[in-house]
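K.L.:
Quick one: the structure is below, and I'll ask about it shortly.
Residue numbers (UniProt numbering): 1 to 584.
Structure (C-alpha cells):
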C-alpha cells in the first residue's frame, strides 16, 4: 500500500505541531474512525485517526464529520481518559506504520495519569488501542481481536498489549553502503527481482522500491532484476537523506498503469501531471477523503440500498400489472356491445353454444361479430355476464388511473432517494433513514421509552460563492424541505435541475452577479442525477414562486417564473468553493 513507513514518518513529523495541545472534544463518526478536536499552536485543529481496513490513516483534517447522538463504547472510554488531556508526545515505532500518542490527563481525584493511544496502520489488521503504559495493559481497542481470531495476540480490555509481529528487517535510515550491497547480493543470488528492497528494509513500499529503481536508471522503468548496485545505492541514499532530514514533497498522480498513487517524497514515476501539497495531511485528505467517505457510506447504507431497490422493483412490477389491467379495462366498451347484441338474439342461441355469430349493428359496415359464450350458462346469463364485466371494468378505470399515477410518483420518489444516497455524507444517511421512518417505510428501531432528539433542523451544506454569497444545498429530502419551505426568504433564489432528480439549492440574499449564479447552478447540476452529463438544464426562480402541493412527498415542489441555465458540472470548481456543514 502507498501508506508506508516514510509517509508515517512524515505524518508524525507534521503532528509535532499539536504536541502540547489540549484535546477538547472526541467523537466517533463511524465504527473505524476517531476525530479529536484540539487547541494547539494558538489555533483549533482536528485530528483524524482511522483504522478503516481499506483506507487506514492518521492526519489533520479540515473536513466536518457528524457527531452521533449516542457515542460508541470506545469513544466513551477515550473521552474518559483523554478528553481535556494534553498531548505529551507523538512518535513512530522505528520505520513501522505504528504511531504512539501519549496523553496526560488529571482525573476526578486530581491525580495525573498518562495514557497511550497506539494507532496501527496495517491494512485490514489496522487498529486503535488505548493502553496504560505504566502496566502495559489494554483498556480497549476500536476493533476487538479475540483468541479465536488470533493465536498471536489479543486486543481486548484487560489483556497485556503485544506489538504486531516483528519483521526483522533493516532500518533504511541507519544503514551503510556495505549492508546495502550485502542485501543486494543476497537478493541477486536468490533471484529476488526488483522487489528485494521491500523485503530487506522496513517501512518501504513497492512504490518506493520502484521509485528508487527508476532514479537509478535515469527515470526509465527498471528491468525485472536487481539493477546496478552502485546506482541503486546512490538513489537509495539520496532518497533516505531527504527522509532523514524531513525534506518532504507530498505528491499525488497516476503511475504508468493509470492507477492513482501518493507519497511523502517526490515521485519521478508519475505519468502526466503531478500535484504537490504544502503538507502530508492535505495530500492524504485529498487522496483518501472521498474514497474513504464513499466506502464508509456504502457500508452504512447497504441495508437502505437493498430496501429502496426492492421497493422500486416492486412498484415497477405493480405498474406493469396495472398497465395490463388497464388494457383489459379499456375493453369494457366491447363487453357492453356484446351484451346488447346478445339480448335481442336470445332466441337464436341455445345453452351449450360456445360462440354466437351476430350482426354488429354498432359497426357502420354492419359486419358480423363472433361472441364467445360460456356453454354452461343460458343465453340470458351470458348476456348478463358481459354487462357485469362492462360495469366492473368501467368502474375500475378511474381506480386504475389513480393507482398508476401514485405508483409512478412512488417510483420517482424511490429513485430520488437512491440518487441522494449516491452522494450522501454520513449525517445525510441518518436523515434519509429518519425520513423513511417518518413516511412509514421503515420501523423506528429506537429503544422504547428513550427520548429521541427531534430532527426539526437538519444539517445543511453551505458553500460560499466567489462573490461572498451563501449558497445552501439540500442533499436529501428533509434538508430540501427545510431549506426551501422554512429557511429561505421569499426573495432568495432557488435552483434545481430541470426534470431531473437532484438537490434544492438556494442563494441567500440578492444583488449577486453571474459568477454566483453560475456556481449555484454548478452545485445543482453536480448534486443531481446528471452529475456525469454535460450541458445540464438548471431552472432558477425566486423562492416566492416555489410551493409544495398539498399531500406531496417530502422535497417535492412545483414552481413557475423560472429561467433555465445550461451548465456542465465541474468537480474542481465545486471543491474550490469554501464549504461548511451547519445545523439548520
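The C-beta atom is built at its ideal place from N, Cα and C for all residues, glycine as well. Just so we're clear, the structure is a prediction, and the values are computed from it rather than from any experiment.
For the alpha helix (DSSP H) holding residue 3, just list the boundary residues, first then last.
P.N.:
Unbroken run through residue 3: none, as it is neither H nor E.
K.L.:
What does residue 60 pair with, by DSSP beta-bridge criteria?
P.N.:
BP columns for residue 60 point to 47.
K.L.:
For the region 379 to 462, which segments carrying the alpha helix (DSSP H) assignment without a break, of at least 4 residues, lie completely within its bounds, in sequence order?
P.N.:
379 to 422, 426 to 438, all fully within the region 379 to 462.
K.L.:
Output the distance between the C-alpha atoms of residue 224 and residue 519, rounded to the nearest integer angstrom.
P.N.:
Because residue 224 sits at a pLDDT of 43, beneath the cut-off of 50, its placement in the model cannot be relied upon, and the point is left open.
K.L.:
Can the beta-carbon of residue 49 be found closer than 8 Å to that of residue 128?
P.N.:
Cβ atoms of residue 49 and residue 128: closer than 8 Å.
K.L.:
Please classify residue 449 as buried or exposed, where buried requires at least 16 other C-beta atoms within 10 Å of its C-beta.
P.N.:
Confidence in residue 449 is poor, its pLDDT being 48 and thus under 50, which makes the residue's placement unreliable; the coordinate value appears in the next sentence. Residue 449 should be labelled exposed.
K.L.:
Find out if the Cβ-Cβ distance for the pair residue 72, residue 427 is shorter than 8 Å.
P.N.:
No.
K.L.:
Locate the alpha helix (DSSP H) running through residue 167, then write down its first and last residues.
P.N.:
Per DSSP, residue 167 belongs to no alpha helix (DSSP H) and is neither H nor E.
K.L.:
Taking three-plus beta-carbon pairs below 8 Å as touching, is the region 422 to 439 in contact with the region 72 to 86?
P.N.:
The answer is no - the region 72 to 86 does not touch the region 422 to 439, with fewer than three Cβ pairs under 8 Å.
K.L.:
Measure the alpha-carbon distance for residue 253 versus residue 177 and round it to whole angstroms.
P.N.:
Rounded to the nearest angstrom, the two C-alpha atoms are 31 Å apart.
K.L.:
Between the alpha carbons of residue 498 and residue 31, how many angstroms are there, rounded?
P.N.:
Whole-angstrom Cα-Cα distance: 38 Å.
K.L.:
Kindly provide the ranges of any beta strand (DSSP E) runs that are 3 or more residues long and lie completely inside the region 211 to 264, ordered along the chain.
P.N.:
Segments of the beta strand (DSSP E) lying fully in the region 211 to 264: 251 to 254, 260 to 263.
K.L.:
If you measure between the beta carbons of residue 242 and residue 265, is that distance less than 8 Å?
P.N.:
Cβ atoms of residue 242 and residue 265: closer than 8 Å.
K.L.:
State the start and end residues of the unbroken beta strand (DSSP E) segment that holds residue 36.
P.N.:
It spans 33 to 40 - the beta strand (DSSP E) in which residue 36 sits, taken as one unbroken run.
K.L.:
Going straight from the alpha carbon of residue 344 to that of residue 399, what length do you get?
P.N.:
Residue 344 and residue 399: Cα-Cα distance of roughly 33 Å.
K.L.:
Looking only at its own chain, which residues have a Cβ that is under 8 Å from the Cβ of residue 115, when we skip the five neighbours before and after it?
P.N.:
Around residue 115: 81, 82, 85, 102, 103, 105, 130, 131, 132, 133, 139.
K.L.:
Taking the alpha-carbon positions, what's the residue 203 to residue 211 distance?
P.N.:
So the alpha carbons of these two residues sit roughly 14 Å apart.
K.L.:
State yes or no: is the C-beta of residue 16 within less than 8 Å of the C-beta of residue 90?
P.N.:
Result yes, Cβ atoms of residue 16 and residue 90 sit closer than 8 Å.
K.L.:
Below 8 Å between beta carbons: does that hold for residue 565 and residue 530?
P.N.:
Result no, Cβ atoms of residue 565 and residue 530 do not sit closer than 8 Å.
K.L.:
Let me check understanding here. Comparing Cα to Cα, which of 144, 525, 350 lies closest to residue 537?
P.N.:
Selected option, being the one with the closest Cα: 525.
K.L.:
Short of 6 Å in beta carbon distance, which residues of its chain neighbour residue 280, apart from the five on each side in sequence? Order them along the chain.
P.N.:
These residues qualify, in order along the chain: 10, 11, 14, 250, 264.
K.L.:
What number of angstroms, rounded off, separates the C-alpha of residue 185 from the C-alpha of residue 125?
P.N.:
Distance between the alpha carbons of residue 185 and residue 125 is about 33 Å.
K.L.:
Check for me: the beta strand (DSSP E) holding residue 542 runs from which residue to which?
P.N.:
Where residue 542 is concerned, the enclosing beta strand (DSSP E) stretches over 536 to 542.
K.L.:
Can you tell me whether residue 580 is buried or exposed, with buried defined as 16 or more other CB within 10 angstroms of its CB?
P.N.:
Residue 580 comes out exposed.
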